[in-house]
Amino acid sequence: MMTTEHIASSASILPSPAFPAALGDIAHNFIFKREGMGADPMAAGVSAVDSIFMYIFWISTVVFVGITVVMLYWTFKYRRRPGTIAQASPSHNTILELAWSVVPLGFFVYMFFEGFHGYISRISVPPDAIELKLTGRKWSWGVTYPNGAESPETRHVGATDVPVFYVPEGKPVKFRMISTDVLHSFWIPDFRIKVDVIPNRYTSYWFNAEKLDAHSTGTLADGTKYRDHFVFCAEYCGDLHSEMAAIIRVVPEASYNATITKWVDAVDPVELGRRQWVAKCASCHTIDGGKNTGPTWKGIFGRAVGFTDGGGHSAEEMSNPDAFANYVRESVMTPAKHIVAGYTNAMPSFAGQLSEAQMNGIIEYMKTLK
Amino acid sequence: MATIDDRNANALGAAAGHGHDEGSYLTPKGGLITTIWDWATTVDHKKIGVMYMCAVLMMFFFGGVAALAVRTELLTPVRTQQVQQVNPETGAPVVDAAGQPVMKSVTTGQWLGSFLGAEGDSINKNNNLYNRAFTLHGAIMVFMVIVPSVPAALGNFFLPILIGAKDVAFPRLNLLSWYIYVCGSIFGVMAILMGGVDTGWTFYTPYSTTTDADYMRVVYMVLAAFILGFSSILTGLNFVVSVHKLRAPGMGWFDMPLFVWAVYATSILQVLATPVIGITLLLLIFERLFHVGIFDPGLGGDPVLFQHFFWFYSHPVVYVMILPGMAIINEIIPVHSHKKIFGYRSMAFASLGIAAVSFLVWGHHMFTSEGELAATVFSALTFLVAIPTAVKVFNWVGTLYKGSISLTAPMVYALIFLFLFTIGGLTGLPLATLSSDIHLHDSYFVVAHFHYVMMGGTIIAFVGGIHHWWPKMFGKMYNERAAIFFAIVVFIGFNLTFFTQFILGTRGMPRRYASYVDEFQFLHQLSTIGSYILGVGFMGSLAVFVHSLLAGKTAPRNPWGGLTLEWHIESPPTTHNFHKEPIVHHGPYDFETILPPGWDPKDYPVPNAEAQAAAYARALAAEKAHASHH
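So the protein lines, in turn, are chains L and R. Using our numbering, read the first sequence as starting at -6 and increasing by one per residue. Using our numbering, read the second sequence as starting at 235 and increasing by one per residue.
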């Protein structure tokens, strides 16, 4: 199903509205639509990208079919017959050659300006956009809401649990983005835009999520409808690059406000720690005993640990709350100092990224993972 | 112009002034050791070309194996799920003290990881191996295959012959560049044997300056690319000087075959652009080894600066890769259509135009990381490259009009090239357009696009070029039906592999992913099946050539009816190519007036055909008499 916005945009680029528009919809759906959550994205700005793409697509199709048909027809028609030579024909035609240089140029100028126009509209952030802080790191995304809340919710995507970020429907939302390590790129395919996330430099990404209407992909516990969109990392960043996903969940504005308020209200250290795990640790550390980039947290309190350099801590030391807390703190702040045997030096330092309360929460949360 | 008289016997070799080196360049000079030594120290451009071809084809094989490994890993996505533990002996579910079922996490879909015994282990090992495999594929295919394929292998062999020269301008330098190529490849292979690198062939910072920090292998891999660059520069330099200084009498600039024009344009790019990547890679090595902050923000550097440096070279090098492909098509289409190429001058200028504009478009690789103004300027400039490229395609198709087209194996490859390259070129348009590029950038759409250009363009043209010149290079024909059959297998496999990737890209599949969400699995499976078909096609083509070497019929001098100088000389050529300096009397594509040397005038009734055939027969007889005299 297409929105009225879409029908208008595809009709305007096609010569005869009725039949080709239907054909245009079929091609458009085939090219962009994914089954399930990606179907029919309607965020503002999407139609600008899709319409120029489909415009180029149809021109290219006509040119390509033309070239192929002519090529095959001439290859057959002028096939070699012994006893004959090529017929005399001009090997140069200034007017023709000028025409096939200048005519494409005209199309290219149009493509350039349409693309430029769409691009500027996609990167100029409206002044009333809600600003969320986004951090990219190997290999997870973290979002901090204006009230300081962080998402505690995850969804299992592929091989890992990825965080779910709530955004309000029909409102401009801006991410101010930074990377703590290497280059990443923030891409929501359904919104048709990506922007690189760079260390030591802020970049921004904004979108205006669609109105939900009838296009929800699920309902919350309280019956509120929502719609999920995938986030992918599009700039190669190492081992779990392909697992560096997240979910953007579009919900009604009231539900958005209630949710982020609920998130920030929870002060229980264990819950706070669990949220840190969701946002920063889950991509590498499991809590169910499964193997991943780093050691599992299941049963870590009281479990002996050995390092690659031969050192380590006994089970007794690890059950001492103070020694355990110091071990965890050191591992989080200076992870390269000791590497647990059987693992590699893959963890970035989180120094400066965790408050004391959050650090404490992680330690308390770990103790509950028996 | 356009008459043949007995003086053309020069090209055939009558009345040569010397008695040595009259035999084929392939004739062994003695025993095995002597022959190997002879090849290893040769300054003959033909032997160097053949050595390049062997090296490039070997690297193509390794790069292809890596590609198949990548595709096989992508046959199934990596998944973890919780399953109930089961007692392996009784098959009964395991329960804990409280009677609750004990769950465990199970990972599936790790094909590469299973070789490391990582089945059920963390997915890092598996994905890391995948990252090393795609880096290997990219680095080998770009630096060791596509860049040297046409210029260094076929260019070395044919550029001097096409301009009527005995050799390139600096034969020893030519041998040196082959050894530099081998040396660079050895560094690359060393990095692979030491565990490989996971930087991607683009070496983006700061990932490349921090990954595998305890190991030297990244430095070796970067060093390999650095060294290979010198080989490229020296080859380019050699060709530029050869084209300027060694053209045969009678060959003005616009009498040169278009192959020479395009390789000339390529050489200029190689000489001007490669030093930039040399310095950039050197800076990268400095940063890794001595922690000089240039690109790593942790040391006060700028990671985007690396992208500017890298693409300032690597964009022109895209044309170093595609122009020689176009060069080959420039020869195949007129020769096998027996017709003058359409728009000779616009073809020549298009090559130079592409080379010039290619220096101004590097920023289009960075629309998502650079500023708005830069992105806008680079988008506009990028569309300019499309014009000369479109002109070339139109000219090639125009050449077919009213031709006399033999559907030979090389011609089939040329038609495949036109088909695939047109798709590759057209899909560049939404990437040049800013608003659609920010969606498609770094997605499978880009992967598909550059494979259509680099592989559907350059590699197909290279393989087509080998088919075109194989009889000349080795003096043997091959089984044409089998060659055409495998060309069609390659065509089908190629489209199945890469067309699916366009749709994956528009639907949101990012590149360099070891796994993917469920929505993408069907298209990934199709693509993987296509890659296997593609592999079969190339191995089949290889078998055709091996069969030709072992049991092929002796090739005539001019099997396809070409008019350029290589078709006047023996198959395979003698050591000095021509027995006496050739004099050029007609244009390279005057198929409507000149009888192809050695062809029957009844089959090819150009005006004055009988007289031309008689002149050719006299020249040939003189050459034979001369040979028997010795």
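Just so it is clear, CB atoms sit at the ideal spot from N, CA and C, and this is done for glycine as well.
By the Cβ criterion, the segment 105 to 113 of chain L is not in contact with the segment 88 to 97 of chain L, since fewer than three pairs of Cβ atoms, one from each stretch, lie closer than 8 angstroms. Counting other Cβ atoms within 10 Å of its Cβ, Gln269 of chain L reaches 16 or more and is therefore classed as buried.
In chain order, Asn285, Thr289 place their CB closer than 6 angstroms to the CB of Thr279 of chain L, counting only its own chain and leaving out the 5 sequence neighbours on each side. Scanning its chain for C-beta atoms nearer than 7 angstroms, with the 5 sequence neighbours on each side dropped, one finds around Phe736 of chain R the residues Thr661, Phe679, Ala682, in chain order.
Contact annotation, Ile588 of chain R with Pro622 of chain R: C-beta distance approximately 5 angstroms; criterion of less than 8 angstroms satisfied. Rounded to the nearest whole angstrom, the C-alpha separation of Ile356 of chain L and Ser312 of chain L is 12 angstroms.
Under DSSP, the beta-bridge partners assigned to Arg194 of chain L are L:Ile191. Taking the Cβ atoms as the reference, Thr731 of chain R lies roughly 3 angstroms from Gly764 of chain R, within the contact range of under 8 angstroms. Residue contact with chain L for Gln846 of chain R: absent (no Cβ-Cβ distance below 8 angstroms to any residue of chain L).
Note that the C-beta distance between Val224 of chain L and Trp180 of chain L is below 8 angstroms. Pairing Ala152 of chain L with Thr341 of chain R gives a Cβ-Cβ distance under 8 angstroms. Remark: C-beta atoms of His758 of chain R and Tyr750 of chain R approach each other more closely than 8 angstroms. By the rule that beta-carbons nearer than 8 angstroms mark a contact, Ile672 of chain R touches chain L. Within the same chain, and ignoring the five residues on either side of Pro790 of chain R in sequence, the residues whose Cβ sits closer than 8 angstroms to its Cβ are Pro705, Ser805, Gly832. Proximity of Pro839 of chain R to chain L, defined by a Cβ-Cβ separation below 8 angstroms, is satisfied. Contact annotation: in the segment 94 to 110 of chain L, residues whose CB is within less than 8 angstroms of a CB in chain R are Ser94, Pro97, Leu98, Phe101, Val102, Met104, Phe105, Glu107, Gly108, Phe109, His110.
Sequence-ordered contacts of the segment 79 to 92 of chain L with chain R read Ala79, Gln80, Ala81, Ser82, Pro83, Ser84, His85, Asn86, Leu89, Glu90 [C-beta pairs closer than 9 angstroms]. Pairing Ile519 of chain R with Leu457 of chain R gives a Cβ-Cβ distance under 8 angstroms.
Close CB contacts of Ser383 of chain R within its chain, under the 6 angstroms cut and outside five residues either way in sequence, are with Val290, Phe696 (chain order).
Identification of residues in the segment 665 to 696 of chain R having a C-beta nearer than 9 angstroms to some C-beta of chain L yields Ala666, Thr667, Leu668, Ser669, Ser670, Asp671, Ile672, His673, Leu674, His675, Asp676, Ser677, given in sequence order. In terms of Cα proximity to Val284 of chain R, the closest of R:Ile467, R:Pro322, R:Gly297, R:Ala386 is R:Ala386.
The C-alpha of Val304 of chain R is placed about 11 angstroms away from the C-alpha of Thr310 of chain R.
With respect to Gly76 of chain L, Pro839 of chain R sits close: the two C-beta atoms are nearer than 8 angstroms. The beta carbon of Pro335 of chain R lies closer than 8 angstroms to those of Gln318, Gln319, Pro327, Val328, Val329 in the same chain, with the five residues before and after it left out. Just measuring C-alpha positions, the residue of L:Tyr320, L:Ala251, L:Asp121 sitting nearest Pro165 of chain L is L:Asp121. Contacts with chain R (Cβ-Cβ distance below 7 angstroms) from the segment 166 to 192 of chain L involve Val175, Leu176, Ser178, Trp180, Pro182, Arg185, Ile186, Lys187, Val188, Asp189, Ile191, Pro192, listed in chain order. Annotation for Ala334 of chain L: Gly299, Phe300, Thr301 place their beta carbon closer than 7 angstroms to its own, counting only its chain and skipping 5 residues before and after.
Nearest CB-CB separation between Tyr415 of chain R and chain L: not below the 8 angstroms threshold. In this structure, Ser501 of chain R sits away from Val526 of chain R, with a CB-CB distance that is not shorter than 8 angstroms.
Listed as beta-bridge partners of Tyr635 of chain R by DSSP are no residues whatsoever.
Closest option to Leu308 of chain R, judged by alpha-carbon separation, among R:Asp752, R:Leu471, R:Gly535, R:Leu654: R:Asp752.
Looking at the backbone, the Cα of Pro97 of chain L and that of Ser548 of chain R are separated by about 26 angstroms. Put simply, the CB of Glu203 of chain L is far from chain R, with every gap to its CB atoms at 8 angstroms or more.
Look at the segment 269 to 297 of chain L: the residues with a C-beta under 7 angstroms from a C-beta of chain R are Thr279, Asp281, Gly282, Gly283, Lys284, Asn285, Thr286. In the DSSP assignment, Glu604 of chain R falls outside any alpha helix (DSSP H), carrying neither H nor E.
Neighbours of Pro531 of chain R across chain L, judged by C-beta separation under 7 angstroms: Pro192, Asn193.
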